[in-house]
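In the UniProt record's numbering, the protein residues as written are 1 to 153.
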């Protein structure tokens, strides 16, 4: 009944005070979860189901361990997804490209943030190597040793 009364009050009096009292934002409901702040460039790929890598993290709470359920949030404080940590965040080496979290439940809609995958320096090198013929698509390995060692995925 509170929702009906508050919506009537908003429609008739144009005052949203009671609606804000009755309906709570999702971010307030999820306060018991530990939080990881995610870069804006990683949010859209997370919304499409990609795993969170260490390069996509800005900040994280201290006591996040393995198999902990965490809330991924944007810099604005918007809830992006609920994820499960694969590794302990406190012992990570920043130099390695490590998968941190697998996505359990996606909260944010797709394409609210711009698409940023495939435009990094490594992707540009891979596309250039494939165009020049240095990259074997069948074996998914680099032919030329000068371009570095990575698997083409």
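Every residue gets a Cβ at the ideal spot worked out from N, C-alpha and C, and that includes glycine.
Requested in this report: Decide yes or no for the touch test of the region 8 to 16 against the region 32 to 48: beta carbon pairs closer than 8 Å, at least 3 of them.
Outcome: No, the region 8 to 16 does not touch the region 32 to 48.
Query raised in the report: The alpha helix (DSSP H) with residue 57 in it runs from where to where?
Result: Premise fails: residue 57 lies in the beta strand (DSSP E), 57 to 60, not in any alpha helix (DSSP H).
Report task. Leaving out five residues on either side along the sequence, give the residues of the same chain with a beta carbon under 7 Å from the beta carbon of residue 74. Result -> 38, 40, 43 and 80
Query raised in the report: For residue 21, does the three-state DSSP call read helix, strand or coil?
Result: helix
Report task. Drop a sphere of 10 angstroms on the beta-carbon of residue 108, count the other beta-carbons inside from all chains shown, and report buried for 16 or more, exposed for fewer. Result -> The residue is buried, with at least 16 neighbouring Cβ atoms inside 10 Å.
Query raised in the report: Between residue 106 and residue 31, what straight-line distance do the alpha-carbon atoms span, to the nearest angstrom?
Result: 17 Å
Query raised in the report: Just to check, is the beta-carbon of residue 110 closer than 7 Å to a non-hydrogen atom of the ligand HEM?
Result: In terms of ligand content, the structure shown is empty, and the ligand HEM therefore cannot be addressed.
Query - Residue burial classification, residue 113 (beta-carbon count within 10 angstroms, cutoff 16) - result: buried
Query - Element boundaries [beta strand (DSSP E), containing residue 71] - result: From DSSP, the beta strand (DSSP E) with residue 71 extends over 69 to 73.
Requested in this report: Pull up the distance between the alpha-carbon of residue 2 and that of residue 27, whole angstroms please.
Outcome: So the two alpha carbons sit approximately 21 Å from each other.
Query - Member of 110, 87 and 82 whose CA lies at the smallest distance from the CA of residue 100 - result: 87
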